[in-house]
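Numbering (the working numbering), first residue to last: 31 to 278. Note that beta-carbon positions come from the ideal geometry of N, C-alpha and C, so glycine has one too. Model, not experiment: these values are computed from the prediction.
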Ligand code: NDP
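Structure representation (structure tokens):
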């Protein structure tokens, strides 16, 4: 078991974020999950509790800086100084051709995926600065879409994730001398509810034949990559984008 240090996981109530929260709790971290509907994190909190881990879920909309500040303060009050942040909260908006996309969705997707990631990263840096400690880190969840561009599906989403990767590269270099590592994990298609929310619950089955490994990923397979990047085993990794895509 590692020492019980705080890791914040945004969007940890379900899907990839829930798998990350559970996996990191297994490593001995104390987990603070932030999402808009914190009451929906019951299942992952119960699973962590059954495995003798410690976790809380608190309401957080990553697009609202005052909520971000309040959330980080409440998480530290409960579990002590912040060790790492996983910027996982993300949305796609509806599937379809870019030409037909309602601009409201462009703004919303960029607000959650990019601005939300940046607001939480900024809050993390402020909290890191308040305590002299060993190495800390941030992991941003990008997407294979940053490379493929997702034509015909959600190019606005792909653009937001490409920006997350550029942000990761720049911030990593900016804070490297402070012993803060900043990395990204770019999943391929993963079996979660995000596809149903985008209007196509059958998307994973449709995508699977295009994946060189012949299947989509499971949330737990993404969580492993995040756990490695946060751990001391990744002590020389910063500015990296770890693609976990089944070969896409
Ligand atoms: P899900 O839709 O299953 O879960 C999304 C999570 O984000 C939920 O906990 C949701 O909770 C939270 N969330 C959404 N909006 C906000 C907000 N404004 N503030 C705080 N939390 C928010 O998604 P996945 O698990 O599939 O995706 C997780 C991440 O992985 C995303 O960044 C996604 O882009 C990325 N990804 C996913 C892939 C996939 O195929 N599944 C592939 C590549 C990348 P609530 O609604 O209560 O706020």
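Under DSSP, residue 273 forms a beta bridge with 216. Residue nearest to residue 269 within the set 203, 207 and 217 is 203 (criterion: CA-CA distance).
Nearest to residue 147 by C-alpha distance, out of 121, 165, 273 and 103, is 121. Excluding five sequence positions before and after residue 234, the CB atoms of its chain that fall closer than 7 Å to its own CB belong to 219, 221, 225 and 246, given in chain order. Residues of the same chain with a CB within less than 6 Å of the CB of residue 143, apart from the 5 flanking positions on each side, are 120 and 190 in chain order. In the assembly as shown, residue 113 is a buried residue. Its beta-carbon has 16 or more other beta-carbons within 10 Å. When the alpha-carbon of residue 87 is set against those of 98, 75 and 94, the nearest one is in 75. For residue 203, no beta strand (DSSP E) segment is defined; the enclosing uninterrupted segment is the alpha helix (DSSP H) at 185-205. With a contact defined as Cβ atoms closer than 8 Å, residue 53 and residue 257 qualify at about 5 Å. Within the same chain, and ignoring the five residues on either side of residue 214 in sequence, the residues whose Cβ sits closer than 6 Å to its Cβ are 170, 172, 195, 198 and 271. Here the alpha carbon of residue 63 sits roughly 17 Å from the alpha carbon of residue 82.
Remark: the shortest separation between the CB of residue 78 and any heavy atom of ligand 1 does not fall under 7 Å.
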